[in-house]
Amino acid sequence: MYKLLKYSLYDIVKSRFALLYTLFLVLVAISIYQVSEDMGKVSLSLLNIMLMIVPLIAAVFASTHFFNNLEFTELMLAQPVKRRDVFLSQFLAVAFVLSMALIVGFGVPMLIWGADVTILTLLGIGIGLSVIFAGLAFLASVMTRDKAKAIGISLSFWIYFSLVYDGFVLYLIYSLADYPLEKTTLGLVFLNPVDLGRIIMLMQLDISALMGYTGAFFQNFFGSFQGILISSGVLLLWMLWPSYFALRVFRKKDF
Amino acid sequence: MISVRHIHKKFGKLDVLKDFELEFQAGNSYALMGPNGSGKTTLIKIILAMVLPNSGDVLVNGQSIKGNTAYRSQIGYMPQIGRYPDNMRIGQLFSMMQDIRPEIKDYDMDLVKAFGLDTMLDKPMHTLSGGTRQKVSAALAFMFRPAILILDEPTAGLDPIAVEVLKNKIKREREAGKLILITSHILSELEELTNQAIYIFEGEVFFNDSVESLKDITGENKFSTAIARLMEWSLKKNTKKTELAHV
Numbered sequence: 001m002y003k004l005l006k007y008s009l010y011d012i013v014k015s016r017f018a019l020l021y022t023l024f025l026v027l028v029a030i031s032i033y034q035v036s037e038d039m040g041k042v043s044l045s046l047l048n049i050m051l052m053i054v055p056l057i058a059a060v061f062a063s064t065h066f067f068n069n070l071e072f073t074e075l076m077l078a079q080p081v082k083r084r085d086v087f088l089s090q091f092l093a094v095a096f097v098l099s100m101a102l103i104v105g106f107g108v109p110m111l112i113w114g115a116d117v118t119i120l121t122l123l124g125i126g127i128g129l130s131v132i133f134a135g136l137a138f139l140a141s142v143m144t145r146d147k148a149k150a151i152g153i154s155l156s157f158w159i160y161f162s163l164v165y166d167g168f169v170l171y172l173i174y175s176l177a178d179y180p181l182e183k184t185t186l187g188l189v190f191l192n193p194v195d196l197g198r199i200i201m202l203m204q205l206d207i208s209a210l211m212g213y214t215g216a217f218f219q220n221f222f223g224s225f226q227g228i229l230i231s232s233g234v235l236l237l238w239m240l241w242p243s244y245f246a247l248r249v250f251r252k253k254d255f
Numbered sequence: 001m002i003s004v005r006h007i008h009k010k011f012g013k014l015d016v017l018k019d020f021e022l023e024f025q026a027g028n029s030y031a032l033m034g035p036n037g038s039g040k041t042t043l044i045k046i047i048l049a050m051v052l053p054n055s056g057d058v059l060v061n062g063q064s065i066k067g068n069t070a071y072r073s074q075i076g077y078m079p080q081i082g083r084y085p086d087n088m089r090i091g092q093l094f095s096m097m098q099d100i101r102p103e104i105k106d107y108d109m110d111l112v113k114a115f116g117l118d119t120m121l122d123k124p125m126h127t128l129s130g131g132t133r134q135k136v137s138a139a140l141a142f143m144f145r146p147a148i149l150i151l152d153e154p155t156a157g158l159d160p161i162a163v164e165v166l167k168n169k170i171k172r173e174r175e176a177g178k179l180i181l182i183t184s185h186i187l188s189e190l191e192e193l194t195n196q197a198i199y200i201f202e203g204e205v206f207f208n209d210s211v212e213s214l215k216d217i218t219g220e221n222k223f224s225t226a227i228a229r230l231m232e233w234s235l236k237k238n239t240k241k242t243e244l245a246h247v
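Going line by line, the protein sequences match chains D and R.
Numbering follows the UniProt record's numbering, with no gaps: position 208 of the first sequence is 208.
Numbering follows the UniProt record's numbering, with no gaps: position 236 of the second sequence is 236.
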């Protein structure tokens, strides 16, 4: 397992993607730090960019990597190693590289210009989203035989969670504006990891007052210890289930 | 040594192998023949558990391969098209494979030397030609002195000198009492390397016996004409089937 992980990691690090992605994140972070001195504004801008870019890159890179590495996977399956180990080494290598790029890319500017707890939360959410969307992309990849189809499905996951879902929630809230919807909205937030990440972060920034009564309710929930525990638990669940199901399909797949 | 029992495999609606039964004994060398798409590669991949059958089981040395990975350390597999990670160098590939099998310390480097691969250990895999990649596949299949060798079109894409080197190596291993399974479309090569003939047709075993009895049954004394006769028969059997289906 560790041996396989070592070789998978070596292969990804050798490809230029990891370096380019890190450089891109560094540039984004530097430019945002240049614009404002206020730490709250910086983390809000970083958050908005991160919520768009990190899931997108994670989804596309993970599905591309799965199919580019199909040869390696096939080679390994003919060797005396477990299928589970082959899958996990691939998945963990992708998750590790995506997370490291984020930690280095956003972390280096933070070390230079300062950081607070909110930015650390931001990093945590970014890593969570990388793992979640890499998992969804692996799930899409093991279910299809075609690279283009897998990338397409991964992209639609991204579009769904980043754009479509919010539209659906807004529509629901507007059409049912006469009813108390706080708990429903909270439930809906848990069904979308991108929204969940956004809300956790916004609650840390003390701008919930802008969101009216729902904001106050959210502040109450996410501000409490129990709320933090539940929301990070749900985020963790999101990190685990796609890759778990992908592994189950992978173990039964024909190569 | 390998017994394939009641294997049934479907790809979608297509039955690739139908209630497939075969026995492979150590010390023999089997020629696996059949038209394109008859299920040869699928059979090999099922033995390696790269493809999982819908029903049935494969026993290697009397043990089921289900949930078992250790048995694969006894099999040297040379794929039809060897594809390797682009960024890896030949030497790294070799040391990785050795790393995966820590229990084996005694490597067979005959083919590595004979193919001159030891002089290009630092070449990345993506710079190699198709033939050189085949050489790497061959060298890897023999490297761990496995008791079973499964070679899927081993000489395709190799230059004549390399073909001779590989053939001689296969003959030496065969004399050493190993179980060898070869699929190929080059009949002269199969005649030279094997003593048992298996002909697969539409997912079923059409013929399975020694090469001598194949020649006896068909009444031909040349291997290639005997096989041609076998192919004719299998096609006739097929037309009979469709005729019956129309009645």
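We put the CB at the ideal spot given by N, CA and C, even for glycine.
Small disclaimer: the values here were computed from a predicted structure and weren't measured.
> Going along the chain, which residues of the segment 6–25 of chain D sit with their C-beta nearer than 7 Å to a C-beta in chain R?
Replying inline: 7, 11, 14, 15
> Would a C-beta distance cut-off of 8 Å place residue 140 (chain D) and residue 150 (chain D) closer than the cut-off?
Replying inline: As a position in the first sequence, residue 140 (chain D) is number 140, starting the count at 1. As a position in the first sequence, residue 150 (chain D) is number 150, starting the count at 1. Yes, the pair counts as a contact, with Cβ atoms nearer than the cut-off.
> How is residue 218 (chain R) classed by DSSP in three states: helix, strand or coil?
Replying inline: Mapped onto the second sequence, residue 218 (chain R) falls at position 218. Note: residue 218 (chain R) maps to helix in three-state DSSP.
>> On the criterion of 16 or more Cβ atoms from any shown chain inside 10 Å, does residue 55 (chain R) qualify as buried, or is it exposed?
In response: On the second sequence, residue 55 (chain R) is found 55 positions in, with the first residue counted as 1. Around the beta carbon of residue 55 (chain R), a 10 Å sphere encloses fewer than 16 other beta carbons of the protein chains shown; the residue is thus reported as exposed.
>> On a Cα-Cα basis, can you pick out the residue from D:1, D:11, D:27, D:84 that is closest to residue 259 (chain D)?
In response: Since the first residue shown for chain D is 1 and the last is 255, residue 259 (chain D) is missing from the structure and cannot be characterised.
>> Taking only three categories from DSSP, how would you classify residue 86 (chain D)?
In response: Here the question's residue 86 (chain D) lines up with position 86 in the first sequence. Of the three classes helix, strand and coil, the one that applies to residue 86 (chain D) here is helix, per DSSP.
> How far does the beta strand (DSSP E) with residue 196 (chain R) in it reach, from first residue to last?
Replying inline: As a first step, residue 196 (chain R) is located in the second sequence; it is residue number 196 there, counting from the start. 196–201 is the span of the beta strand (DSSP E), which, as asked, contains residue 196 (chain R).
>> According to DSSP, simplified to helix, strand and coil, what is residue 208 (chain R)?
In response: Your numbering for residue 208 (chain R) matches position 208 in the second sequence. The answer is strand: DSSP assigns residue 208 (chain R) an E or B state.
> Which residues bound the alpha helix (DSSP H) around residue 144 (chain D)?
Replying inline: As a position in the first sequence, residue 144 (chain D) is number 144, starting the count at 1. Premise fails: residue 144 (chain D) is in no alpha helix (DSSP H) and is neither H nor E.
>> Just to make sure I have the definition right: I need the residues of chain D whose C-beta is within less than 9 Å of the C-beta of residue 138 (chain R). Which are they?
In response: Translated into positions along the second sequence, residue 138 (chain R) becomes position 138. Within 9 Å Cβ-Cβ: nothing; residue 138 (chain R) doesn't reach chain D, min ~14 Å.
> Which residue's Cα is closest to the Cα of residue 208 (chain R): R:34, R:175, R:149?
Replying inline: On the second sequence, residue 208 (chain R) is found 208 positions in, with the first residue counted as 1. Just measuring C-alpha positions, the residue of R:34, R:175, R:149 sitting nearest residue 208 (chain R) is R:34.
>> I need the straight-line Cα distance from residue 219 (chain R) to residue 76 (chain R), nearest angstrom please.
In response: Along the second sequence, one-based indexing puts residue 219 (chain R) at 219. Along the second sequence, one-based indexing puts residue 76 (chain R) at 76. Cα-Cα distance, rounded: 36 Å.
>> residue 146 (chain R) and residue 182 (chain R) - do their beta-carbons sit closer together than 8 Å?
In response: If you number the second sequence from 1, residue 182 (chain R) lands on position 182. If you number the second sequence from 1, residue 146 (chain R) lands on position 146. Cβ distance not < 8 Å, so residue 182 (chain R) and residue 146 (chain R) don't count as in contact.
>> Suppose the cutoff is 6 Å on Cβ atoms and the five residues either side in sequence are ignored; what does the same chain contact list for residue 23 (chain R) look like?
In response: Along the second sequence, read from residue 1 onward, the residue named residue 23 (chain R) stands at position 23. Within the same chain, residue 23 (chain R) has close Cβ partners 3.
>> Could you compute how far the alpha carbon of residue 246 (chain D) sits from the alpha carbon of residue 136 (chain D)?
In response: The residue labelled residue 246 (chain D) in the question sits at position 246 within the first sequence. The residue labelled residue 136 (chain D) in the question sits at position 136 within the first sequence. So the two alpha carbons sit approximately 8 Å from each other.
> How is residue 11 (chain D) classed by DSSP in three states: helix, strand or coil?
Replying inline: One-based indexing of the first sequence puts residue 11 (chain D) at position 11. The answer is helix: DSSP assigns residue 11 (chain D) an H, G or I state.
> Just checking, does the segment 12–22 of chain R make contact with the segment 165–185 of chain D on the three C-beta pairs under 8 Å criterion?
Replying inline: no
> Just curious, the beta strand (DSSP E) that residue 60 (chain D) is in, first and last residue?
Replying inline: Within the first sequence, numbered from 1, the residue matching residue 60 (chain D) stands at position 60. Segment 39–68 is the alpha helix (DSSP H) holding residue 60 (chain D); no beta strand (DSSP E) there.
>> One question on the structure: do residue 134 (chain R) and residue 116 (chain R) come within less than 8 Å of each other, judged by their Cβ atoms?
In response: The sequence position of residue 134 (chain R) within the second sequence is 134, counting from 1. The sequence position of residue 116 (chain R) within the second sequence is 116, counting from 1. Cβ atoms of residue 134 (chain R) and residue 116 (chain R): not closer than 8 Å.
>> Report the CB separation of residue 36 (chain D) from residue 28 (chain D) in whole angstroms; it is logged as a contact under 8 Å.
In response: In the first sequence, the residue the question calls residue 36 (chain D) occupies position 36. In the first sequence, the residue the question calls residue 28 (chain D) occupies position 28. Incorrect: roughly 14 Å between the Cβ atoms, too far for contact.
> Where do the N-terminal and C-terminal ends of the alpha helix (DSSP H) with residue 137 (chain R) fall, by residue?
Replying inline: The sequence position of residue 137 (chain R) within the second sequence is 137, counting from 1. Where residue 137 (chain R) is concerned, the enclosing alpha helix (DSSP H) stretches over 130–143.
>> Quick check on residue 69 (chain R) - is its C-beta less than 8 Å from some C-beta in chain A?
In response: Protein chains D and R are contained in the structure displayed, whereas chain A is not.
> Short check: CB of residue 194 (chain D) to CB of residue 129 (chain D), under 8 Å?
Replying inline: Here residue 194 (chain D) refers to the residue found at position 194 of the first sequence. Here residue 129 (chain D) refers to the residue found at position 129 of the first sequence. Closer than 8 Å, so yes.
> When the Cα atoms are used, what is the spatial distance from residue 27 (chain R) to residue 24 (chain D)?
Replying inline: The count along the second sequence starts at 1 and reaches residue 27 (chain R) at position 27. The count along the first sequence starts at 1 and reaches residue 24 (chain D) at position 24. Answer to the nearest angstrom: the Cα atoms are 59 Å apart.
> Do the CB positions of residue 205 (chain R) and residue 194 (chain R) come within less than 8 Å of each other?
Replying inline: By 1-based counting over the second sequence, the position of residue 205 (chain R) is 205. By 1-based counting over the second sequence, the position of residue 194 (chain R) is 194. Residue 205 (chain R) is not a Cβ neighbour of residue 194 (chain R), given a cutoff of 8 Å.
> Can you tell which of R:190, R:94, R:120, R:70 has the C-alpha that lies nearest to the C-alpha of residue 151 (chain R)?
Replying inline: In the second sequence, the residue the question calls residue 151 (chain R) occupies position 151. When each option's Cα is compared against that of residue 151 (chain R), the closest is R:190.
>> Could you pull the DSSP bridge partners for residue 10 (chain R) from this structure?
In response: Sequence index remark: in the second sequence, residue 10 (chain R) carries index 10 (1-based). Partner(s): R:15.
> chain D partners of residue 52 (chain R), CB-CB under 7 Å?
Replying inline: Within the second sequence, the letter at position 52 stands for residue 52 (chain R). Residues of chain D passing the Cβ test: 252, 254.
> Between which two residues does the beta strand (DSSP E) carrying residue 30 (chain R) extend?
Replying inline: If you number the second sequence from 1, residue 30 (chain R) lands on position 30. In the DSSP assignment, residue 30 (chain R) falls within the beta strand (DSSP E) that extends over 29–33.
> Contact between the segment 69–88 of chain D and the segment 78–92 of chain R: three or more CB pairs below 8 Å?
Replying inline: Yes, the segment 69–88 of chain D touches the segment 78–92 of chain R.
>> Using only CA atoms, which one of D:165, D:248, D:4, D:219 lies nearest to residue 100 (chain R)?
In response: Within the second sequence, the letter at position 100 stands for residue 100 (chain R). For the residues D:165, D:248, D:4, D:219, the minimum Cα distance to residue 100 (chain R) belongs to D:4.
> Would residue 235 (chain R) be called buried (16 or more neighbouring beta carbons within 10 Å of its own) or exposed?
Replying inline: The residue given as residue 235 (chain R) occupies position 235 in the second sequence. Classification of residue 235 (chain R): exposed, given that the 10 Å Cβ count is below 16.
> Can you list the residues of chain D that residue 73 (chain R) reaches, using a CB-CB cut of under 7 Å?
Replying inline: Translated into positions along the second sequence, residue 73 (chain R) becomes position 73. Those are 80, listed as they occur along chain D.
>> On the criterion of 16 or more Cβ atoms from any shown chain inside 10 Å, does residue 102 (chain R) qualify as buried, or is it exposed?
In response: Within the second sequence, residue 102 (chain R) is the residue found at index 102, counting from 1. By the 10 Å Cβ count, residue 102 (chain R) comes out exposed.
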